[in-house]
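Written out below as C-alpha cells is the structure these notes cover.
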Amino acid sequence: MLKRFGSLALAGAVMAGGLLLVPAGAASAQSVTEASCSGDSLVKETLTAGSSWEMCWRIDTYRGLVLDKVAYQPRDEAAPMMVLDSIALAQLNVPYDTGATEYNDVTTYQVGGRRLQAITDVDCPTGEVRSAWTDAARGEIPAICIGEEDSGLAYRTNITNDALYAAQGSDLVLHTVSRIGWYEYQTEYRFHDDGEVSVRLGATGDLSPNDYTNVINQGWPLGEGDTDFAVNHYHSAFWRVDFGIDGAESQVVEKFDTDPTGEVGTTGDTGRTPILDTQLTTVDTEGKVFVENREAYRVVNPDSINADGHARSYEIIVDRDQAYNLNPETDYDIAFTSAKPDEVHASYNLIPQKANQGVSDYIADGESLEDPVAWVNVGFHHINRDEDQSPMPIHWQGFTLYPRDVTAQNPLIPEGRKWVNGDMRGVPNPNIPTTPPTTPPTTPPTTPPGTPPATTPPTGGPTTPPADGPATPPTDGGTATGTVEFGSNEVTPGGTQSVTASGFTPGESVGAVLHSDPIDLGTYVADENGDVEFQFLVPTDLPLGEHRLVLTGQTSAVTAEGTFTVAAATAASIFTQLGTTGSNANVLATVGATLLLLGAALGFAGWYRRHRGSGAVLA
Amino acid sequence: MKLPFPPPGSDAGEAGEGRTPSGRAPRVLGIASIATSASAVIVLAVASQVAVHATSDEPDPASAPIAAESTDEHAPEKADAVAPPAAIPAAYDQLAGDEVSYVRFLVSRSADFAAGGDLFGGAGLQYLSTDVADPSFHTDGQRRLSLLYYDYASNELVSFVVNVTAGTIEEVQRGSGSQPAPTDAETGLAWDLLLADGAAGAELGAEYAALTGGAALTPETDTLELSAHSFTTDAASFGAESCGVERCVQLLAQVSGGAFLTTSTYVVNLSTKTVLPVS
Ligand SMILES: [Cu+2]
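Protein chains in written order, with this note's numbering: chain A, 1 to 619; chain B, 1001 to 1279.
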C-alpha cells in the first residue's frame, strides 16, 4: 500500500503533460520499432486477446534469425513498450561423448545464409511466409513463418456468485529452419499475449551417421541387439539477449536468492514449514552464473514504473543444472556482459578485433554492467533413443523471458477482476450486492446506527443529496484522536480511495466505518508506528457529496476521522482516478465514452513520460 | 529503376541467368548452386526447389541472386562499377541483394582488398559474408553492413563496416585465429584436394562404389551434395594443430539417397592446400 505517493505523482505528471499532448495524437506517432525497419522486415501483430507485439527480423549469415527492437503492448496500454533491443542465437556447441567430434554450428557451419531452408507448406500450415535475401547464390527465398497460434488456457478463476473468469490465450510465433549437416534445427520465438517470451531451438533431421561406437557407456544401442551404439552428445544452445526494457538508458541485473532462515512455522500441515527469506542483490559486474536451486535473475529498468509504483523487469527462466559445465565455453547458465558491438558470438567470435574470443574473454575485465546483455546457455544431453532414428522426432531446448511487474495487474485481466489489486481483505466484491435488502419497502426507513444500509439507490445518479448532517455522531468514548489522510480529497463512484491513518497503538485492530450510511470497510491492524494504510473501492451507488470515514482503535479507543467528497466524474477526477488505479476500465466505464479519449491521452502521456530523452532511434 | 548489378560491360549475373526466362514465370530459386573451382564444377548445397511469385516484369536486383564468390568471373568485386542500391533499406531491415553487390564492390576498391590474397593464390581478398552491422550502436539511422573476407596471403580474417547510406567504408579490422564457415568455392576446392589425396581418395572411392553399385568417384561426380564447416583445434596430437591460425575445413559429402561418405577422418588445410588425417 505504499503506492499512494508514486501514484499521485503520476497523476500530476499526466495532468501536466497529457492535455498538451493530445494534439500530437498517439495515432500518428511512429513507434521505435516502426522507425527501425520497414516492409517485410517489420512484424506488427495484435493478438486475439488485444495485446500486441512488434519487432524487426532479419537473417544473419551465421546466427540465422535475428530479432531487433522487440516491443510488447499490453492490451490496455496505448503504446508498445520496448522489451529487447535484440535477440539471436549466439552459438550452438555439439560435442560428442567419445571426445572425437565437436561442432560449433553458428560460427563454423552457419545457421543462416546457405543453411537456411526454404519454408514449405508443411513448415507453415497457418502462418504467413515471408521472404529474405539469405545468400548470394540463392538470392531471396521464403525464409520465415509468422503466425498466431493457440496457447491453451490463459487463466481461470471461478468466483462464487460472481463469474467464471477464464480465457484461452495465443502466441505470435516466428520460426525458421536450418539444415546443418544431418541435423535440422528450428529456431522459434513465441511471444505470448501476456507478455511472456518463449525462446526455443528444436532439433530434428538425423542422428550423426558417423558417430557410432562400441564403447557401451558412450552411446545407446540403436538397431537390433546391442552392437551399434550411437554416440551420446550435448547440444548447448546459446542466445545473446540484449535487454532494452522500456527504452532504458541503464538497466540493473538483480539476483533473487531464497534461503531458509532455519526457523519453521508450526501452523502449517506438517508443523515444520520452513521460513524462507528472499534477498534481492544487484549483479554489478560482468560474470557467469550458475542458476542454483531457489535462485533467479531479472533485468530491471529502475526508471520504468508501472501503475502500482513497481519497476518493470523481465526475468530469465532457465532449466537448472543442464549446462555442459566441462569447458569454459559452456560452463554457465547465464553470463552477463555490457553490450559491445564486437562481442557477437558466445564463443569463437567472428569479429576480427576480438577474433576467436568468447564469453570467458568478454567478462575477464569485470566491467560494470550498464547495458546488460544476457548470454543464456541451455544444455541438452542427448542420450539417443531408438525413436530418434530417421526422421528424428523434434526435441526442444530453450528458456523463457517472463515479465515481472510490466503491468500492475494481469495484462489480460477481465473487467470484473480489475478491482482486485493488492490485499483486498475487507473489501466487498463490487460485482455483487454487498447486502441484500432486509427491510420491506413499507417499513419506514428508520435505520438504526450500526446497521448496514437498507436504502441503496439503484444507480450512482445524483438523486440523493449529500447527507452531511451529524446524524450518526462518532463514538465519543475515545479521548485521544488520530489523523486521517486520503489519497485524494475527491473521488468518483467506483474509484479507489486510499487511506493513511495514524495515532493508534501498534498492533491493535482498527475498525473503519464510512458515514453517513454506516458502511463497514473492514478491520485493519496498526503497524509498528501505529499507522493504518488501506484502500477501498468507493461503492458505485454511494451518494454524491461529502462522506466521513471514522477509524476506531479497538484497544486504545483512539478515533481518527476525516472527510472526502464523492463527485461526479470530471476530467480532473478521471486523471486522478486513472493515476491511482492505472488504466482502470472500471472507472472509464462509469464516466462515458467521451472520456475514453482522455484515457488514451493518458496512456500516450505515460508512454511519452517513459520514453522522453531515451534517445529513440529515428530513421 | 536502376539496375546496379550487373554493371555495364559485364555479363548478366550468372547465378540468376537462365532461371528467369520470362519475368512472368515464377522465379525458381534455391536450385543447385554452381561453384567453379580450379578444375571442377560441383553441385553444392542443393536445396529443395521453391517457387515464389514474381511481381514485376524484370528481375528485382534487391531480391535476385548474385555471384557468390569474389573469385567468380561476375563477382561484384571484379566489376568496373556497381551503382548504389535503388532504395536504401532502413537501419534494421533485412539484407537486399543490390546493396550487397554495392558494398562488395566498394570493398573491392579498397587498398585492403587489393593487398590480400584469395583462395586460388590470386590477388584480392576471398569474400565470405555480408550481414547487417548491429544497428543498435548507432543512432543516426544510417544503413551499415558488415562484410567478412579472408586473406589467404596473411591468414587473417578481415572485416569491413560499410555505410551504405554514405557509400563509404567506415571501419576495417583484421584478426587471426577466427575461422568463419567456408564458402562454396572453399568447399569445392577442399573436395578436390581430398579426392586428389591418395589415401582419402581411395577410401572415399571405395565407399562411393559400394553405395552406388560400382560407380567411380571423380571430381566431376555431380550426385553428391557437399557442405563443410571450418575446423579449429587446440589439440596438437594429429598434425592439424595449425588449423585455426590457418584456414581448415572438414567436409560432409552426402550421396543421392541420403548416405554420407566417411569424411570425418580428414581435415583439409586450405591455407597450405594439404589433406590431414585426423583419427
Ligand atoms: Cu542430438
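Think of the CB as a built atom: it goes at the ideal place given N, C-alpha and C, for glycine as much as any other residue.
Residues bridged to residue i (per DSSP)
i         : result
A:Pro328  : A:Pro328 pairs with nothing; no bridge assigned.
B:Gln1142 : B:Gln1142 is not bridged to any residue.
B:Ser1154 : In the DSSP output, where bridge partners are listed per residue, B:Ser1154 has none listed.
A:Val373  : A:Asp242 and A:Thr337
A:Arg200  : A:Glu188 and A:Gly398
A:Asp135  : A:Gly139
A:Gly379  : A:Ser236
B:Cys1243 : B:Glu1246
B:Thr954  : What the structure shows of chain B is the stretch from 1001 to 1279, and residue 954 of chain B is not part of that stretch, so it cannot be assessed.
Beta-carbon separation (whole angstroms), residue i vs residue j, contact threshold 8 Å
i         : j         : result
A:Arg130  : A:Asp40   : 5 Å
A:Trp133  : B:Ala1096 : 6 Å
A:Pro178  : A:Glu149  : Here the sequence assigns Ser to residue 178 of chain A, which means Pro is not the residue at that position. The Cβ separation is near 21 Å, so there is no contact.
B:Gln977  : B:Asn1163 : Residue 977 of chain B is absent from the model: chain B starts at 1001 and stops at 1279.
A:Ala248  : A:Asp194  : Actually they do not touch by this definition, with Cβ atoms about 21 Å apart.
A:Tyr402  : A:Ile317  : 5 Å
A:Ser52   : A:Pro80   : 7 Å
B:Tyr1150 : B:Leu1128 : 6 Å
A:Ala167  : A:Ala49   : 7 Å
Host alpha helix (DSSP H) of residue i (start-end)
i         : result
B:Trp1191 : Asp1184 to Ala1196
A:Val359  : Val359 to Tyr362
A:Val32   : Val32 to Ser36
B:Ser1101 : Gly1097 to Ser1108
A:Thr107  : Asp105 to Thr108
B:Ala1114 : Ala1111 to Ala1115
Proximity test, residue i beta-carbon vs ligand 2 heavy atom, cut-off 7 Å
i       : result
A:Ala90 : Absence of ligand 2 is noted for the structure shown, with ligand 1 being the only ligands found.
Nearest-angstrom Cα separation, counted from residue j out to residue i
i         : j         : result
A:Val491  : A:Tyr72   : 32 Å
B:Ser1039 : B:Leu1189 : Its pLDDT being 33, under 50, B:Ser1039 is placed unreliably by the model, and nothing is read from it.
A:Thr540  : A:Ala569  : 12 Å
B:Phe1260 : B:Ala1115 : 39 Å
A:Ile146  : A:Ile119  : 11 Å
A:Asp531  : A:Gly522  : 15 Å
A:Thr330  : A:Ile159  : 48 Å
A:Val558  : A:Leu551  : 8 Å
A:Pro440  : A:Leu542  : Only weak support is given to the placement of A:Pro440: the predicted model assigns it a pLDDT of 49, under 50, and the question is left unresolved by the model.
B:Leu1270 : B:Val1249 : 7 Å
A:Asp319  : B:Ala1079 : 52 Å
B:Pro1059 : B:Ala1216 : 40 Å
B:Thr1262 : B:Leu1204 : 7 Å
A:Tyr183  : A:Val111  : 11 Å
A:Asp226  : A:Thr98   : 18 Å
B:Gln1173 : A:Phe290  : 34 Å
A:Asn384  : B:Ser1264 : 20 Å
A:Ile87   : A:Val376  : 11 Å
A:Leu67   : A:Pro372  : 17 Å
Run of the beta strand (DSSP E) containing residue i, from where it starts to where it stops
i         : result
A:Ala560  : Thr559 to Val566
A:Thr400  : Met392 to Arg404
A:Lys44   : Leu42 to Thr46
A:Arg240  : His233 to Phe243
A:Ser151  : Gly139 to Ile159
A:Tyr72   : Gly64 to Gln73
B:Thr1274 : Thr1274 to Pro1277
A:Ile59   : Ser52 to Asp60
A:Pro95   : Met81 to Pro95
B:Cys1248 : Cys1248 to Val1255
A:Gly287  : Gly287 to Val289
B:Gln1126 : Gln1126 to Val1132
A:Glu415  : Careful: A:Glu415 lies outside any beta strand (DSSP E) and carries neither H nor E.
A:Gly219  : Gly219 to Pro221
A:Val300  : Glu295 to Ile305
A:Ala163  : Ala163 to Ile180
A:His310  : First-last for A:His310: undefined, no H or E at that position.
A:Leu350  : From DSSP, A:Leu350 is part of no beta strand (DSSP E); its letter is neither H nor E.
A:Thr267  : Counting along the chain, A:Thr267 falls outside any beta strand (DSSP E), and DSSP gives it neither H nor E.
A:Arg502  : Note that residue 502 of chain A is Ser in the sequence shown, not Arg. Element bounds for A:Ser502: Thr496 to Ser502.
key: Residues proximal to ligand 1 by C-beta, any heavy atom closer than 6 Å   = Residues flagged by the Cβ proximity filter: A:Ala203, A:His233, A:His235 and A:His382.
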